[in-house]
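If you read the sequences in order, they're chains C and P. As numbered in my numbering, residues 297 to 781 make up the first sequence, in order. As numbered in my numbering, residues 2 to 331 make up the second sequence, in order. All C-beta atoms, glycine included, are put in the ideal place defined by N, C-alpha and C.
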Amino acid sequence: MSFDSIQFLVFFPIVIALYFIIPFKKRWILLLIASYYFYMCWRVDYIILIMISTIIDYICSNQMSKINLKQKRKKWLIISLISNLGILFGFKYFNFFSENIQTLFNQYNIFYEVPFFNVLLPVGISFYTFQTLSYTIDVYNNKTPAQKHLGVFAVYVSFFPQLVAGPIERSNHLLPQFFKEHKFSYDRVKSGLQKMLWGFFKKLVIANNLAILVNGVYNNVDNYTGAALLVATIFFTFQIYCDFSGYSDIAIGTARVMSFELRENFKRPYFSKSIQEFWQRWHITLSSWFKDYLYIPLGGNRVVKWKWYYNIIITFLLSGLWHGAEWTFIIWGALHGTYLVFSITLNSPKKYLSEIIKKYSPKLNNIFDVTITFILVAFAWIFFRANNLDDALYVIKNMLTDLNEYNNMGMQFRGLGIYLSDIIKCVILIFFVIGYSLYERSDDVWKKLQSKPIWIRWSLYYLMLFGILFLAPHSTINNFIYFQF
Amino acid sequence: MISKDIKKLLLRSGVFIIPILLYTLILSKVDPFNYFSDNNILSQETEHQTARKLNSLLYNTIQFKNNPTPNIIIGDSRIKRLPTSEIEKITGDKYFILHSNAAKLNEIIDLFWLTDSLYCISKHNNLKNVIIGINFNLYNEYAYANRVHEVKKMIENPLMYVFNGNILEVTIKAITHHFSGISAPNVSRNIMLKRELKGKSFKDKKIWWEFNISTVAKNQYSRYKYPEGLMDRLQEVGAYCSVNNINLILLNVPHYKEYRQRVIDFNLTESERKFKNEIKNIGTVIDYDFSNSITNCRTCFTDPIHTNDSINLIIVKEIFNDSLVIGKKL
């Protein structure tokens, strides 16, 4: 089930109503049934994968908790890692590796048919696998106690608001919340609904409107040149932000209505002044996962310089691979890793340049840093969005040519049924989200609005609601981008 | 026992949704596209000046759904004015013209399938006679739009109709027209034309004529790509008609010679010949778009691609009396 489906409109109020009606001790049963149903609406049989992960991690963690000696606990950790990563590899990466091995064999005239696995990628597999992995590793490291209640643990693995696209929760943050009795609170429900409303607006109105042009261009890149490719790339930069942060907001809002607090996943990432800062603001729960469970165990920055760079590159390569079994994602990750390595090596000249600009205006320096970071991030998104490497290279090669041919661009877009008014609408929506982010700078927008008169708040609610109802392209199906991961 | 907080939430939610319920109620009464029933409060004049003018595709499709006929003419604005009364006089059969302004060939094919399924659902039978208005200027990979998909979704799901920006806009314009008689301008089209005409009025016939020859033809022919998938889809339609005894006619509508010259200017003569050759295998093709007494006569057209009423009458008489003089079967 997707948040933007009619089904969810029915499912959500029923679950919420039942959640507050039934006794606290039985609530985990409702949440488990709701979460499994939520997942099974997409595909029934793949729920077995979640169940397998749940049972293996439950057994492994509980076995680990019985053993004091870390060395002896290791075998249970390895069992958990192999089974979870094995499932992930089988469903997500096996064909990618087979395909590449086959290409290699063909190149060296080795006649061997590498086997392929004809399966559909389970929705959200990377998300829930990483969530359960973090739990098992934390138990192994004695950072969190093993969960004795299998039912509650199963809810932790499959909690429907964040099951298919995060935020990736840590056990010590989410698990204790299942044991806390939540009373119905008007303020909490309101706050959750506000968060959901903004999330739906970002996804349905902004991301889906931008997607029409982006998909039209990126699915047929060789039909387009110059400005059309540039506009599509800039639009995608905002589309992916609104799509994914929209999902996260809906997830956080949905959980908040039931009085659960999920971790924030985005903090105005396009206002970052460096790539390093960008990764502290973009998909925070994933980047912190990689930091805690890969980068730091590899040695982090407390090693010799070349090893530090190596750690960064490896972390980002795997982060790219986490997103998808495609070379485009790997290059996207590698690009970000390279950006970071360069930003470290070029730190001194950059500081020097900043000092010079700061002399004229500190604000100008900030604008300069934000702009450079934005351009680097947008450039990397080309690889993320392109259907294959050839397309990505075509976009890069052609996006800065014929920039004066506005009429040509208009004609190219007209082929997609997109007119000047549609482009203007998209630009206004982009400025709306930028404006919102600027207003959010000091505090949460809704908290700020709380002190304003009711008519201002309600006007904003209606603006968003009517935007969702009348501006969103409902007839086109645009799944959340991160569902594929 | 309901807590104070729950009461507060229910009360505020109730108040909050009032404007949405009110809008739904107004729409169901005004209903400019006759989606819910034919009995709305609007006059036909208002419907034509608003809904049909601003979204001919949706308006005509719903009209067809409400009153399906086994005989249908599908195409863009060039078939809009074919006189159905004359057809009825000749054949005794009622024909419905399902036109959509600036329809593309892929949309015309989509419309064929949509109307066939609507007719099947309503009458448990297949269509009898289908005429598709076609021309080489639609036979281009770049001549693509996808509006029928949205119409289909709206027909299937009333929520898609109720909560749609275009329906909201048309409803407001219909109410305005109903009470004040003010016609609704197609603002975005007018802005676009004004820009392309560099401020000149498109209502000036001479300017409009020149604009078609220079700009519209250039837009259509300067970027050409053979539409690989379209022919397969047309063949699918042809095969379906042949299996289900549907009489399919492809009417290749005429263009004025200056407009036809643009095909030569853009080196597309061979592509046009290929197009005519290929459509021959789909169904009966009646061609008017070659050098003849219509395409050489400026006064036969209201603009370079739209024939006037007297020519439309001649075309209809020739086709339905099976006595082609100007047109020819391919």
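Bridge-paired residues (DSSP) for residue 574 of chain C: For the purposes of this step, residue 574 of chain C is taken as residue 278 along the first sequence, with counting starting at 1. The partner list for residue 574 of chain C (beta bridge, DSSP) is empty, contrary to what the question assumes.
Does the beta-carbon distance from residue 82 of chain P to residue 313 of chain P come in below 8 Å? Start at 1 with the first residue of the second sequence, and residue 82 of chain P comes out as number 81. Start at 1 with the first residue of the second sequence, and residue 313 of chain P comes out as number 312. Taking 8 Å as the Cβ cut-off, residue 82 of chain P and residue 313 of chain P qualify as a contacting pair.
Specify the secondary structure class of residue 683 of chain C as computed by DSSP and reduced to three states. By 1-based counting over the first sequence, the position of residue 683 of chain C is 387. Of the three classes helix, strand and coil, the one that applies to residue 683 of chain C here is coil, per DSSP.
Host beta strand (DSSP E) of residue 303 of chain P (start-end): Your numbering for residue 303 of chain P matches position 302 in the second sequence. Note, residue 303 of chain P: beta strand (DSSP E), 302–304.
Which residues DSSP lists as bridging residue 96 of chain P, in chain order: Taking the first residue of the second sequence as 1, we reach residue 96 of chain P at position 95. DSSP lists P:72 as partners of residue 96 of chain P.
Closest residue to residue 20 of chain P among C:765, C:776, C:574 and C:769 (Cα-Cα distance): Counted from its first residue, the second sequence places residue 20 of chain P at position 19. For residue 20 of chain P, the closest C-alpha among the options C:765, C:776, C:574 and C:769 is that of C:765.
Within chain P, the residues that residue 345 of chain C reaches when beta carbons sit closer than 8 Å: Counting from one through the first sequence, the residue named residue 345 of chain C turns up at place 49. Within chain P, no C-beta atom comes less than 8 Å from the C-beta of residue 345 of chain C; the nearest is roughly 32 Å away.
Looking at residue 558 of chain C and residue 458 of chain C, is the spacing between their C-beta atoms short of 8 Å? Along the first sequence, one-based indexing puts residue 458 of chain C at 162. Along the first sequence, one-based indexing puts residue 558 of chain C at 262. Residue 458 of chain C is a Cβ neighbour of residue 558 of chain C, given a cutoff of 8 Å.
Rounded to whole angstroms, how far is the Cβ of residue 108 of chain P from the Cβ of residue 146 of chain P, which I believe are closer than 8 Å? Sequence index remark: in the second sequence, residue 108 of chain P carries index 107 (1-based). Sequence index remark: in the second sequence, residue 146 of chain P carries index 145 (1-based). Between residue 146 of chain P and residue 108 of chain P the Cβ distance is about 6 Å, and since that is below 8 Å, they are a contact.
Expressed to the nearest angstrom, what Euclidean distance is found between the alpha-carbon atoms of residue 135 of chain P and residue 276 of chain P? Taking the second sequence and counting its residues from 1, one reaches residue 135 of chain P at position 134. Taking the second sequence and counting its residues from 1, one reaches residue 276 of chain P at position 275. The alpha-carbon atoms of residue 135 of chain P and residue 276 of chain P are separated by roughly 11 Å.
Suppose you measure from the CA of residue 568 of chain C to the CA of residue 599 of chain C; what does that come to, to the nearest Å? Residue numbering aside, residue 568 of chain C sits at position 272 when the first sequence is read from its first letter. Residue numbering aside, residue 599 of chain C sits at position 303 when the first sequence is read from its first letter. Each residue's Cα considered, the two are about 27 Å apart.
Express the C-alpha separation of residue 635 of chain C and residue 575 of chain C in angstroms, rounding to a whole number. Reading the first sequence from its first residue, position 279 is the one you call residue 575 of chain C. Reading the first sequence from its first residue, position 339 is the one you call residue 635 of chain C. When rounded, the distance between both Cα atoms is 12 Å.
With three or more C-beta pairs closer than 8 Å as the rule, is the region 218–233 of chain P touching the region 261–276 of chain P? Touching, yes, given that three or more Cβ pairs across the two stretches are closer than 8 Å.
Of the residues C:409, C:477, C:462 and C:424, which one's Cα is nearest the Cα of residue 449 of chain C? Start at 1 with the first residue of the first sequence, and residue 449 of chain C comes out as number 153. Here the closest residue by C-alpha is C:424.
Collapsed DSSP secondary structure at residue 7 of chain P in the structure displayed: Position 6 of the second sequence, counted from the start, is the residue given in the question as residue 7 of chain P. Helix at residue 7 of chain P.
Determine the chain P residues that contact residue 765 of chain C at a beta-carbon separation under 7 Å, and present them in chain order. The sequence position of residue 765 of chain C within the first sequence is 469, counting from 1. Chain P residues near residue 765 of chain C: 164.
Same chain only: Cβ atoms within 6 Å of residue 177 of chain P, ignoring 5 sequence neighbours per side: Residue mapping note: residue 177 of chain P aligns to position 176 of the second sequence, counting from 1. Here the set comprises 183.
Using C-beta distances below 7 Å, list every residue in its chain close to residue 69 of chain P, excluding the 5 sequence neighbours before and after it, in chain order. Within the second sequence, the letter at position 68 stands for residue 69 of chain P. Closer than 7 Å at Cβ, skipping near neighbours: 119, 120, 123 and 124.
Report yes if the CB atom of residue 455 of chain C is closer than 8 Å to the CB atom of residue 331 of chain C, and no otherwise. Counting from one through the first sequence, the residue named residue 455 of chain C turns up at place 159. Counting from one through the first sequence, the residue named residue 331 of chain C turns up at place 35. For residue 455 of chain C and residue 331 of chain C, yes; Cβs fall inside 8 Å.
In the DSSP assignment, find the unbroken alpha helix (DSSP H) run with residue 1 of chain P in it and report its ends. Because chain P in this structure spans residues 2 to 331, residue 1 of chain P falls outside the shown range and cannot be described.
Residue 335 of chain C versus residue 586 of chain C - alpha carbon distance: Taking the first sequence and counting its residues from 1, the one referred to as residue 335 of chain C is at position 39. Taking the first sequence and counting its residues from 1, the one referred to as residue 586 of chain C is at position 290. Looking at the two C-alpha atoms, the distance is approximately 26 Å.
Count the other C-beta atoms from every protein chain shown that fall within 10 angstroms of the C-beta of residue 396 of chain C, then say buried if there are 16 or more, exposed otherwise. The sequence position of residue 396 of chain C within the first sequence is 100, counting from 1. So residue 396 of chain C ends up on the exposed side.
Apart from the five residues just before and just after residue 769 of chain C, which ones in its own chain have a Cβ nearer than 7 Å to its Cβ? In the first sequence, the residue the question calls residue 769 of chain C occupies position 473. For residue 769 of chain C, where only same-chain residues beyond five positions count, the Cβ hits under 7 Å are 504, 505 and 508.
Beta-carbon proximity of residue 468 of chain C to residue 429 of chain C, cut-off 8 Å: If you number the first sequence from 1, residue 468 of chain C lands on position 172. If you number the first sequence from 1, residue 429 of chain C lands on position 133. In this structure, residue 429 of chain C does not lie closer than 8 Å to residue 468 of chain C by Cβ.
Quick check: what's the CA-CA separation for residue 212 of chain P versus residue 311 of chain P? Counting from 1 along the second sequence, the entry for residue 212 of chain P is found at position 211. Counting from 1 along the second sequence, the entry for residue 311 of chain P is found at position 310. Put simply, the backbone Cα of residue 212 of chain P is about 24 Å away from that of residue 311 of chain P.
Distance between residue 29 of chain P and residue 281 of chain P (C-alpha atoms, nearest Å): Start at 1 with the first residue of the second sequence, and residue 281 of chain P comes out as number 280. Start at 1 with the first residue of the second sequence, and residue 29 of chain P comes out as number 28. Taking the CA atoms as reference points, residue 281 of chain P sits about 46 Å from residue 29 of chain P.
If you draw a straight line from the alpha carbon of residue 302 of chain P to that of residue 698 of chain C, how long is it in whole angstroms? As a working mapping, residue 302 of chain P is identified with position 301 in the second sequence. As a working mapping, residue 698 of chain C is identified with position 402 in the first sequence. Residue 302 of chain P and residue 698 of chain C: Cα-Cα distance of roughly 38 Å.
Within chain C, partners of residue 10 of chain P - CB distance below 7 Å: Counted from its first residue, the second sequence places residue 10 of chain P at position 9. Neighbourhood of residue 10 of chain P in chain C, by CB distance below 7 Å: 482 and 485, in chain order.
Just by C-beta distance, which residues in the region 169–185 of chain P are closer than 8 Å to chain C? For the region 169–185 of chain P, which is checked against every Cβ of chain C, the residues closer than 8 Å are 169.
In the DSSP assignment, what are the bridge partners of residue 131 of chain P? As a first step, residue 131 of chain P must be located in the second sequence, where it is residue number 130. DSSP lists P:73 and P:249 as the bridge partner or partners of residue 131 of chain P.
I'd like to know whether the C-beta of residue 758 of chain C is nearer than 8 Å to at least one C-beta of chain P. Translated into the one-based positions of the first sequence, residue 758 of chain C becomes position 462. Taking Cβ atoms only, chain P reaches closer than 8 Å to residue 758 of chain C, which makes this a yes.
Helix, strand or coil: how does DSSP classify residue 256 of chain P here? Along the second sequence, one-based indexing puts residue 256 of chain P at 255. Coil at residue 256 of chain P, not helix or strand.
Residues of chain C with CB closer than 7 Å to the CB of residue 7 of chain P, please, in chain order. What you label residue 7 of chain P is simply residue 6 of the second sequence in a count that begins at 1. Within chain C, 480 have C-beta atoms less than 7 Å from the C-beta of residue 7 of chain P, given in sequence order.
Taking the C-alpha atoms as reference points, what is the distance between residue 312 of chain C and residue 553 of chain C? As a working note, residue 312 of chain C is residue 16 in the first sequence. As a working note, residue 553 of chain C is residue 257 in the first sequence. Cα to Cα, residue 312 of chain C sits roughly 8 Å from residue 553 of chain C.
Same chain only: Cβ atoms within 8 Å of residue 481 of chain C, ignoring 5 sequence neighbours per side: Numbered from its first residue, the first sequence carries residue 481 of chain C at position 185. The residues are 555.
Within 10 Å of its beta-carbon, does residue 50 of chain P have 16 or more other beta-carbons around it, so buried, or fewer, so exposed? As a working note, residue 50 of chain P is residue 49 in the second sequence. Label assigned to residue 50 of chain P: buried.
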